[in-house]
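FYI, the numbering for the sequence shown is 28 to 132, going by this note's numbering. Below: the structure, in structure tokens.
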Amino acid sequence: MSMSKIKVGDTVRVITGKDKGREGKVLSIDHAKNRVTVEGVNLITKHAKQNQQNPNGGIIHKEGTVDMSNVMLVLNGKPVRVGFEVKDGKKIRVAKTADGTVAID
28 MSMSKIKVGD TVRVITGKDK GREGKVLSID HAKNRVTVEG VNLITKHAKQ
78 NQQNPNGGII HKEGTVDMSN VMLVLNGKPV RVGFEVKDGK KIRVAKTADG
128 TVAID
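What follows is the structure, encoded as structure tokens:
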């Protein structure tokens with residue numbers, strides 16, 4: 028399995044679409060569909076029936092998914108590109124900035 032440029036827990040900024048400019052934490056990733064769920068972005072409204080878990084039913088607001096190509100990793104308040112380097116036999120993510128590359132994790 029290849030490494031993903033975006034991981035769960037990363038802070039990302041939406042770079043296109045109706046939520047352009049919004050930032051949030053990545054909650055989940057669907058690698059098969061190449062989509063991410065970002066906290067507070069692409070909110071959808073869902074009408075729920077009454078059931079045991081939700082005794083009142085009603086309208087539920089939750090995050091929808093966004094295509095992975097529409098988000099950019101944010102590091103120190105600035106969006107950065109992500110690349111990979113091999114150091115000591117391990118493949119690591121690096122942030123590509125104007126100043127150079129910085130290891131992310």
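All residues carry an ideal CB built from backbone N, CA and C; glycine is no exception.
Would DSSP call G95 helix, strand or coil?
For the purposes of this step, residue 95 is taken as residue 68 along the sequence shown, with counting starting at 1. Rather than Gly, the amino acid found at residue 95 in this sequence is Met. It is helical.
Report back the beta-carbon spacing between K51 and V65 to the nearest angstrom; my notes put them in contact at under 8 Å.
In the sequence shown, the residue the question calls residue 51 occupies position 24. In the sequence shown, the residue the question calls residue 65 occupies position 38. The question names Lys, but residue 51 is Gly in the sequence shown. Yes, G51 and V65 are in contact; Cβ-Cβ is about 4 Å, under 8 Å.
Here's the rule I'm using: 16 or more other beta-carbon atoms within 10 Å means buried, otherwise exposed. How should M99 be labelled?
Within the sequence shown, the letter at position 72 stands for residue 99. So M99 counts as buried.
Measuring only the C-alpha atoms, how far is V121 from D132?
Position 94 of the sequence shown, counting from 1, holds the residue named residue 121. Position 105 of the sequence shown, counting from 1, holds the residue named residue 132. Straight-line Cα distance between these residues: approximately 8 Å.
Would you kindly work out how many angstroms separate the C-alpha atoms of L70 and G85, rounded to a whole number?
In the sequence shown, residue 70 corresponds to position 43, counting from 1. In the sequence shown, residue 85 corresponds to position 58, counting from 1. Taking the straight line joining both Cα atoms gives about 16 Å.
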